[in-house]
Amino acid sequence: MSHSHLLRTSFIPTAPPSLRRVAAVTHIRARTPQIQSKIREIFMPALSSTMTEGKIVSWVKSEGDKLSKGESVVVVESDKADMDVESFYDGYLAAIIVDEGLSAAVGSRIALLAESEEEIAIAKSQKLSSSAPASASAISRNDAPKVFDETPSPVASSATPAGNACISNAVVNSGALGSAVHPASEGGKRVVASPYAKKLANNLGLDLRGVVGSGPNGRVVAQDVEAAASAAKVSGSGGATAVASETTKPSGVELGSVVPFTTMQSAVSRNMVESLAVPTFRVGYAITTDALDALYKKIKSKGVTMTALLAKATALALVKHPVVNSSCRDGKSFTYNSHINIAVAVAIDGGLITPVFKMPIRLIFIHYQESGRN
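Note that the numbering used here has the sequence shown beginning at 10, numbered continuously upward.
In structure tokens form, the structure reads like this:
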């Protein structure tokens, strides 16, 4: 009986109730999760396959402004064109790291996004902690373009650097000369306008340099273009002539001054210098294009352009004479390329781009016209 009683009895004394409650409270406190602030980083996106750095044309939002997912935050200039960068998250633009007119390397931080107003101060402190290396690499507005050299910090979310910004399909083109009536164009900077405002001004034949912007930071929006167009009609032909003569004056440009290249101009200059190292020779031959002209008239109504026909003729010639599409890379042998790459020069406002259609020989004739339209 004594052994049975011992088996039913604990050998360890029971702790007093007061001690058990304290232990339970201590256990609960240890498991209480710590709420961390969500400070997301906005990175300089890669707007093209050849882009290594981008220039901040203008910030559409200011520090402290509330942002919604899909809303434009900043206008970035690449080596191809100006693009609107949108936010992938809701929150507040807490801190701007790269100011307008400065450049930054692709993948580097350009701003911080806070989830709530209370976290704006935390984001600003993070900006101050990284301001020392950033200021050493930042580019002044009067210096030649350089790379904003800053190592991207880890992102709190699982998004990649390119995932923190999405690019709208519209391109913001504007005049190259500054204007005293447009705040965003002071100091020779280009006029900043929304994509739809630019398209509307182009359709109406209106010079954006003479339009006063009412959007953020003096940005021209569609309502400003419509108001300017209505004012031009009311003023009559005499007033329109006066406005046209004023906009042709090179305001904002000082003769004898040195103006740094835009990002696109830098890319064009770099490619032209590199092309000088390639040996070239030209062969001229007179041909009769009566058959080509007749074919063009027959299929023009279907949307086929002369550019597409010339590109196809070039591709056919390269297929027939592959030695023309070969290259000497090591100085000892020829490499016959398996692809035909057709480059087409396209002039845009303030520059020239050459989109390249890279396709295998067996597919180039099928898809070229469709790719050309796109």
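Glycine included, C-beta positions come from ideal geometry on N, C-alpha and C.
| Item | Value |
| --- | --- |
| Leaving out five residues before and five after S87 in sequence, what residues of the same chain have Cβ atoms less than 7 Å from its Cβ? | L56, S57, M60, G63 and T272 |
| Comparing C-alpha positions only, which one of K242, D302, A103 and K311 sits nearest to E128? | A103 |
| When DSSP labels each residue in this structure, what does D358 get in the three-state scheme? | coil |
| Suppose contacts are defined by Cβ-Cβ distances below 8 Å. Is I105 in contact with V85 by that definition? | no |
| Let me know the secondary structure DSSP gives K311 once reduced to three states. | helix |
| Taking 8 Å as the threshold (C-beta atoms), are G110 and M53 in contact? | no |
| Who are the Cβ neighbours of V333 in its own chain at under 8 Å, not counting the five residues just before and after it? | A326 and L327 |
| In the DSSP output, which residue or residues are listed as bridge partners for T344? | S336 |
| Whole angstroms is fine: what's the gap from R218's alpha carbon to V200's? | 6 Å |
| Distance check for L215 and A202, CA to CA, integer angstroms please. | 13 Å |
| Please identify the residue among G79, A113 and K367 whose C-alpha is closest to the C-alpha of Y98. | G79 |
| Less than 8 Å separating the beta-carbons of T363 and A352? | yes |
| For V365, which residues of its own chain have a beta-carbon under 6 Å away from its beta-carbon, when the five flanking residues on both sides are left out? | N350 and A352 |
| When you compare each of V234, E126, Q135 and D299 to L209 by their alpha carbons, which one comes out closest? | V234 |
| Is it buried or exposed, K367, if we count other Cβ atoms within 10 angstroms and call 16 or more buried? | exposed |
| When DSSP labels each residue in this structure, what does D216 get in the three-state scheme? | coil |
| Where does T363 fall in DSSP's three states? | coil |
| How big is the Cα-Cα spacing for S278 and S347? | 29 Å |
| If you draw a straight line from the alpha carbon of A320 to that of T297, how long is it in whole angstroms? | 17 Å |
| Let's test the definition: count the other Cβ atoms within 10 Å of the Cβ of A114 and tell me whether it reaches 16, buried, or not, exposed. | buried |
| Could you work out which residue in E126, A120 and S125 is closest to Q135 when comparing CA atoms only? | A120 |
| With burial defined as no fewer than 16 other Cβ atoms inside 10 Å of the residue's Cβ, what is the status of D299: buried or exposed? | exposed |
| Determine the closest residue to I51 out of V82, A231, G73 and S71, with distance taken between C-alpha atoms. | V82 |
| Restricting to Cα atoms, I'd like to know which of Y101, G100 and R118 is closest to D108. | R118 |
| CA-CA distance, E283 and G100? | 44 Å |
| Could you tell me whether the Cβ atoms of R228 and S96 are closer together than 8 Å? | no |
| Among I48, D91 and D358, which has the Cα closest to the Cα of K133? | I48 |
| Spatial neighbours of G360 within its chain, please: C-beta separation below 6 Å, excluding the five flanking residues on both sides. | M273 |
| To which residues does DSSP link D85 through a beta bridge? | The sequence as given places Val at residue 85; Asp does not occur at that position. Paired residues: I65 and M92. |
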